[in-house]
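Asker:
Number of protein chains: 2
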Amino acid sequence: MKVTASAPGKAILFGEHAVVYGKPAIAMAVNRRAIVTIQEGTNDQINVQIPELDVYGAIDLTDHQIKPLKTSPSQTKFSDTSSTSDNPASPSSIYDMGILKFIRNAIFNDQFQPDHGLDVQVELEIPIGAGLGSSAAITVATLAASASYHQEDLTLEKLAKMAHHVELDVQGAASPLDTTISTHGGFIYFTRKDGAVKINPALEMPLVVGYTSQPGNTGQLVAGVRKLHDDHPEIINPILDTIEKIANQARQAITNGDQQKVAELMNINQGLLDALGVNTNQLSNLVYQARSAGAIGSKLTGAGGGGSIIAYCPGKTQEVLERLKHVENAFQVNISPQGVTWE
Amino acid sequence: MKVTASAPGKAILFGEHAVVYGKPAIAMAVNRRAIVTIQEGTNDQINVQIPELDVYGAIDLTDHQIKPLKTSPSQTKFSDTSSTSDNPASPSSIYDMGILKFIRNAIFNDQFQPDHGLDVQVELEIPIGAGLGSSAAITVATLAASASYHQEDLTLEKLAKMAHHVELDVQGAASPLDTTISTHGGFIYFTRKDGAVKINPALEMPLVVGYTSQPGNTGQLVAGVRKLHDDHPEIINPILDTIEKIANQARQAITNGDQQKVAELMNINQGLLDALGVNTNQLSNLVYQARSAGAIGSKLTGAGGGGSIIAYCPGKTQEVLERLKHVENAFQVNISPQGVTWE
Chain A
1 MKVTASAPGK AILFGEHAVV YGKPAIAMAV NRRAIVTIQE GTNDQINVQI PELDVYGAID
61 LTDHQIKPLK TSPSQTKFSD TSSTSDNPAS PSSIYDMGIL KFIRNAIFND QFQPDHGLDV
121 QVELEIPIGA GLGSSAAITV ATLAASASYH QEDLTLEKLA KMAHHVELDV QGAASPLDTT
181 ISTHGGFIYF TRKDGAVKIN PALEMPLVVG YTSQPGNTGQ LVAGVRKLHD DHPEIINPIL
241 DTIEKIANQA RQAITNGDQQ KVAELMNINQ GLLDALGVNT NQLSNLVYQA RSAGAIGSKL
301 TGAGGGGSII AYCPGKTQEV LERLKHVENA FQVNISPQGV TWE
Chain B
344 MKVTASAPGK AILFGEHAVV YGKPAIAMAV NRRAIVTIQE GTNDQINVQI PELDVYGAID
404 LTDHQIKPLK TSPSQTKFSD TSSTSDNPAS PSSIYDMGIL KFIRNAIFND QFQPDHGLDV
464 QVELEIPIGA GLGSSAAITV ATLAASASYH QEDLTLEKLA KMAHHVELDV QGAASPLDTT
524 ISTHGGFIYF TRKDGAVKIN PALEMPLVVG YTSQPGNTGQ LVAGVRKLHD DHPEIINPIL
584 DTIEKIANQA RQAITNGDQQ KVAELMNINQ GLLDALGVNT NQLSNLVYQA RSAGAIGSKL
644 TGAGGGGSII AYCPGKTQEV LERLKHVENA FQVNISPQGV TWE
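Protein sequences, first through last, are from chains A and B. Each step along the first sequence adds one to the number in my numbering, with nothing skipped, and position 247 is 247. Each step along the second sequence adds one to the number in my numbering, with nothing skipped, and position 300 is 643.
#1: At which residues does the alpha helix (DSSP H) containing A:Glu264 begin and terminate?
#2: Here's the rule: buried if 16 or more other CB atoms are within 10 angstroms of the residue's CB, otherwise exposed. What is A:Glu244?
#3: Could you tell me the alpha carbon to alpha carbon distance between B:Asn580 and A:Leu265, rounded to whole angstroms?
#4: Under a CB-based cut-off of 7 Å, is A:Asn281 close to chain B?
#5: So if DSSP puts B:Asp403 in a beta bridge, which residue, or which two residues, is it bridged to?
#6: Using only the alpha-carbon positions, how far apart do B:Ser477 and B:Ile389 sit?
#7: Against B:Lys588, what residues of chain A qualify as contacts under a CB-to-CB distance less than 8 Å, listed in chain order?
#8: Quick check: the Cα distance between B:Thr534 and B:Gln456, rounded to an integer number of angstroms?
#9: In chain order, what residues of the same chain have a beta carbon less than 7 Å from the beta carbon of B:Lys522, not counting five sequence neighbours either side?
#10: Does chain A have any CB closer than 7 Å to the CB of B:Thr585?
#11: Going along chain A, which residues have a C-beta under 8 Å from B:Asn628?
#12: What residue range does the beta strand (DSSP E) around B:Thr482 cover?
#13: Could you give the residue range of the alpha helix (DSSP H) that holds B:Gln408?
#14: Tell me which same chain residues have a C-beta within less than 8 Å of the C-beta of A:Gln332, skipping the five on either side of it?
#15: By DSSP, does A:Gly15 sit in helix, in strand, or in coil?
#16: Apply the 10 Å Cβ neighbour rule to B:Val465 and answer buried if 16 or more other Cβ atoms are within range, or exposed otherwise.
#17: Using a C-beta to C-beta distance shorter than 9 Å, which residues of chain B count as neighbours of A:Gly277?
#18: Please name the residue, chosen from B:Glu662, B:Gly648, B:Ala618 and B:Ile678, that lies closest to A:Lys299 on a Cα-to-Cα basis.
#19: Can you say whether A:Ser74 is buried or exposed, counting buried as having 16 or more other CB atoms within 10 angstroms of its CB?
#20: Can you check DSSP and say which residues form a bridge with B:Pro351?
#21: Skipping 5 residues on each side, what residues in its chain have a beta carbon closer than 8 Å to that of B:His459?
#22: With H, G and I counted as helix, E and B as strand and the rest as coil, what does DSSP make of A:Val222?
#23: Express the C-alpha separation of B:Ser556 and B:Val630 in angstroms, rounding to a whole number.
#24: Relative to the C-alpha of A:Gln151, which residue among A:Ile38, A:Val48 and A:Ile254 is closest?
#25: List the whole-angstrom C-beta distance separating A:Thr301 from A:Ala18, where the pair is believed to meet the contact cut-off of C-beta under 8 Å.
#26: Name the chain B residues that come within less than 9 Å of A:Gln289, Cβ to Cβ?
#27: Output, in sequence order along the chain, the residues in the region 219-234 of chain A whose CB is closer than 9 Å to any CB in chain B.
#28: Helix, strand or coil for A:Asp54 per DSSP?
#29: Could you compute how far the alpha carbon of B:Pro657 sits from the alpha carbon of B:Ile639?
#30: Let me make sure I understand the geometry here. Which of A:Ala250, A:Phe14, A:Thr4 and A:Ser6 has the alpha-carbon closest to that of A:Leu273?
#31: Applying the criterion that 16 or more other CB atoms from any shown protein chain within 10 Å of the CB defines a buried residue, is A:Asp96 buried or exposed?
#32: Based on the DSSP secondary-structure assignment, which residues constitute the bridge partners of A:Lys325?
#33: Verify whether the separation of the beta carbon atoms of B:Gly682 and B:Gly528 is less than 7 Å.
#34: Return the chain-ordered list of same chain residues with a C-beta closer than 6 Å to the C-beta of B:Phe451, the five sequence neighbours on each side being excluded.
#35: Given this structure, state the Cα-to-Cα distance separating B:Leu667 from B:Ala633, to the nearest angstrom.
#36: Comparing C-alpha positions only, which one of A:His232, A:Ala311 and A:Ser175 sits nearest to A:Lys23?
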């Protein structure tokens, strides 16, 4: 038996960091996915292959220990930033082996578990450590393929919940935003209090993602904003309130199809993220290069401190893509209305 | 008879752009000056020399028309951005001839005027079009030298007022901030409503100024912020309010000698200026390069869109200076407690 499921990555459009303080964020699923295929194993282990990351590991059926199966002689092929490869999954070896924990916990979940070896093949179209939800996509797709393999019926709600628990177990802390978006697809307006609400966009959302070779450390960045907030509450609180207003106005602009407004709100949000101390010279350069190549809106996405920017560039996608590829690495995405899917 | 007067340039530390909306700004006079020497003329014109800009002009005694005296074969000497010249006055020929209007209006003011030719020599230690108050410094120094030449007694208040009128006449619009600071020196807390209040700093303020070869267009930048404000009042107003809070907290931090707080407030203010749309890739690069070289605070200064950044780097001045010189152009300044002075 051989089953395949896939789930999309995501890009946060508005509200990163402020979401930690109860403010809304807006994110969308993107048409770059993690595709997970599970079949009966060739031995009594869970053999996992992620060729794009050169990660090959085996998970013990009994004690769930992870062992590397092969170190990667060809690892440099992805670290070439001038690479014209169509697949943007980028290398970062410490990170890379860590990704196996998400797969392990998704396979050995508390609802269904294998009693024999499996071969798990992961195809990854999303760079990892770039704030684009690669771990959530891998987790959701692995859970979905696994449910299918075990012929378990899961509602999307249940799947999203299980995926969030995997992320919590592996990372210690995790927002349900990534796993929700990866499961359901589309545009989402998210608050800690009310969870995710789908938005129906009245506009196309062609984005160029520019990503740096350096992943940001989300924990450190969140702690840095917390310190700034605690040291300067009278200044940082109104900035967070303003990000909230931006997210709410952006939600309206997205449902009204007001491209220009969405773009201007992205640019303002970018400045406020700089004020929160999570911007970097590399990210700022990508943001400005994108604008000068024709993007009407551009900002960092996710935790910052490295990672990625998104550029909104209706009619100028190719120009912006070429420019950002020249500067660092870039690829094009569009909204993915599909969340998790089974083949 | 030969008289010399000089007046300092300035750097805005907090509140640029917000000041247009009635918010406070904080600025300091810097120890880079315009030095103006006036003596009896060699002919019946006002002959003006500004060697640092390669500007040589003559003003007619009767109709006050300005004529260029010499085009500048050696103009390239200042546009070499890798120049290690100690004098940062930078070239920009269209701008440069415009500077003569300030001198003309200062000499032919409504209180005292020459009835014979003069030779006016201007020594300029401040780059022009960089947001560092070069035109105010030239205006104040020219008025001061002129008053001395005509043996007129002027109070500093009167001098500042006359200098502001010169700027208004030449530019159509002008904040009295630059001419006030250039006249009085030191640190100033300024609002449109209450004018300038001196601050007594309890800290050293060694700054490195990094300046781009491209001047910002103040009028366009102010109009751009106005448009953003009018299009998104609910978002831009709280940003301006937050800049006000930053300026007020900075005033306290300066009088309390809290270096770290001053620096953090500069960094937050920088992000908010980015949110207002007046940052550029070049400025952002200088800001981040300064921080990575050891500045604890850095931000654009003045209108943005080009021009200058300031970096606050106690104990790291040399490192930051070298880095910014490598990237663009830079020089070191400190506070100038002296405003206008006569020799």
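A virtual CB, placed ideally from N, CA and C, is assigned to each residue, including glycine. On a predicted model such as this, the values are computed, not experimentally measured, just so you know.
Answerer: Straight from the coordinates:
#1: Gln259 to Ala275
#2: buried
#3: 14 Å
#4: yes
#5: B:Gln388
#6: 21 Å
#7: Glu234, Ile235 and Pro238
#8: 33 Å
#9: What sits at residue 522 of chain B in the sequence shown is Thr, not Lys. Correct list, in chain order: Ala479, Thr482, Val483, Ala503, Ala506, His507 and Glu510.
#10: yes
#11: Asn281, Ser284 and Asn285
#12: Unbroken run through B:Thr482 is the alpha helix (DSSP H), Ser477 to Tyr492; no beta strand (DSSP E).
#13: Unbroken run through B:Gln408: none, as it is neither H nor E.
#14: Pro206, Leu207, Val208, Val209, Thr317 and Leu321
#15: coil
#16: buried
#17: Glu607, Asn610, Ile611 and Gly614
#18: B:Ala618
#19: Low per-residue confidence applies at A:Ser74: pLDDT is 45, beneath 50, and the placement is therefore not dependable enough to give any value.
#20: B:Arg376
#21: Glu383, Gly384, Asp387 and Leu404
#22: helix
#23: 15 Å
#24: A:Ile38
#25: Rounded, the Cβ-Cβ distance is 14 Å, inconsistent with contact.
#26: Asn624
#27: Leu228, Asp231, His232 and Glu234
#28: coil
#29: 8 Å
#30: A:Phe14
#31: buried
#32: Per DSSP, none; premise fails for A:Lys325.
#33: yes
#34: His407
#35: 7 Å
#36: A:Ser175
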